[in-house]
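Counting from 122, one number per residue, gives the positions in the sequence shown under my numbering.
Each remark here refers to the structure printed beneath this line.
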Amino acid sequence: MKFSRSLSFEILQNKFNKIVQQPGQSVKDLAEEISNAANKYFNKGNSKNPEICTLTEKMKFSKFLESLRPDIRTQVKILGPSSFEEAVKQACNAEIAFNDTAAALSNVHPSRG
């Protein structure tokens, strides 16, 4: 019995490890995907046990940083967030800044037809 439980945990952990920010996926959507997955895989019973909650938060935090687009990840790491929520906020700000820059650049250099 123990074997099958650890096997299914491995499969779930594998799925969790494969999450990355997809092209066109917003930071908010990525954060939600990771949050839901972490709760599903590491805190199935929505436990209030502080150890489980802390582990789940740490998993979300490190996975989120690792899954971000490289340009956004660099910005967030420079700011050094101390929690998942902080990292999400900073990544959202970086995403807005990058999108604004991209929009401004496309206005400055109109594509030649």
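C-beta: ideal position from N, C-alpha, C; glycine also.
Please read these numbers as outputs of a predicted model, since none were measured by experiment.
Inter-residue spacing [alpha-carbon to alpha-carbon] between residue i and residue j
| i | j | result |
| --- | --- | --- |
| N228 | Q146 | 23 Å |
| L186 | V209 | 9 Å |
| A224 | N214 | 15 Å |
| T195 | A212 | 10 Å |
| I173 | V141 | 24 Å |
| A152 | N220 | 18 Å |
| M122 | G201 | A caution first: M122 carries a pLDDT of 42, below 50, which makes its placement in the model unreliable, though a value can still be read off. In a straight line, the C-alpha of M122 is about 42 Å away from that of G201. |
| N170 | T222 | 44 Å |
| G166 | L226 | 48 Å |
| A218 | L189 | 15 Å |
| I193 | S168 | 32 Å |
| L176 | P191 | 25 Å |
| E216 | Q134 | 28 Å |
| S203 | V148 | 17 Å |
Proximity to residue i [Cα-Cα], best of the options
| i | options | result |
| --- | --- | --- |
| E206 | F219, F163, E178 | E178 |
| F130 | N164, I140, L151 | N164 |
| K161 | S204, E216, V148, I132 | I132 |
Limits of the alpha helix (DSSP H) - the one that residue i falls within
| i | result |
| --- | --- |
| L226 | 205-229 |
| N157 | 148-163 |
| P191 | 191-200 |
| P171 | 171-188 |
Inter-residue CB distance, residue i and residue j (contact presumed, cutoff 8 Å)
| i | j | result |
| --- | --- | --- |
| A159 | K136 | Not a contact, Cβ separation roughly 11 Å. |
| K198 | I155 | So it is not a contact: roughly 17 Å between Cβ atoms. |
Below-7 Å beta-carbon distance, residue i vs any chain B residue
| i | result |
| --- | --- |
| M180 | No chain B appears in the structure shown, which is made up of a single protein chain. |
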